[in-house]
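Student: Residue numbers are given in the working numbering: position 48 of the sequence shown equals residue 59, and the series is strictly consecutive. Beta carbons are placed, not taken as given, at the ideal position from N, Cα and C, and that holds for glycine. Got a structure for you, questions after.
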Amino acid sequence: MFNQRDAGTLGPSTEPMRDLRDACLYLLSITSGMRNDEVIGIEVGAGRREQRDGVEYCWVTSVEHKAGKAC
């Protein structure tokens with residue numbers, strides 16, 4: 012699917028690519044505990060791994076989107 016996308020024969024808004032996007036968002040949501048707005052703020056390269064005392068931690072950062080609400 013990615014080869015087709017890269018070759019220009021499968022556009023980013025086609026049904027297979029939307030299905031892939033939706034599946035990734037779903038899996039990230041249920042496995043990370045992140046809220047929907049946090050998951051959609053993840054950008055390419057936002058993940059990192061870290062070793063502490065023999066334990067591997069996996070981190071992901073997200074862009075925060077404020078809705079203009081007062082604190």
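#1: In whole angstroms, what is the alpha-carbon distance linking Thr42 and Leu36?
#2: Rounded to a whole number of angstroms, what is the C-alpha to C-alpha distance between Gly44 and Leu38?
#3: For Met12, collect the residues of the same chain with a Cβ closer than 8 angstroms to its Cβ; drop the 5 residues on either side in sequence, then sort them by chain order.
#4: State the start and end residues of the unbroken beta strand (DSSP E) segment that holds Val74.
#5: Can you check DSSP and say which residues form a bridge with Val55?
Tutor: By the coordinates alone:
#1: For this step, residue 42 is matched to residue 31 along the sequence shown. For this step, residue 36 is matched to residue 25 along the sequence shown. Taking the straight line from one Cα to the other gives about 10 angstroms.
#2: As a first step, residue 44 is located in the sequence shown; it is residue number 33 there, counting from the start. As a first step, residue 38 is located in the sequence shown; it is residue number 27 there, counting from the start. Near 10 angstroms, if we compare the C-alpha coordinates of Leu38 and Gly44.
#3: Here residue 12 is taken as the residue at index 1 of the sequence shown, counted from 1. These residues qualify, in order along the chain: Leu21, Pro27, Met28 and Leu31.
#4: Translated into the one-based positions of the sequence shown, residue 74 becomes position 63. That residue, Val74, is in no beta strand (DSSP E); it is neither H nor E in DSSP.
#5: Residue 55 sits at position 44 when you count from the first residue of the sequence shown. Partner(s): none; Val55 has no beta bridge.
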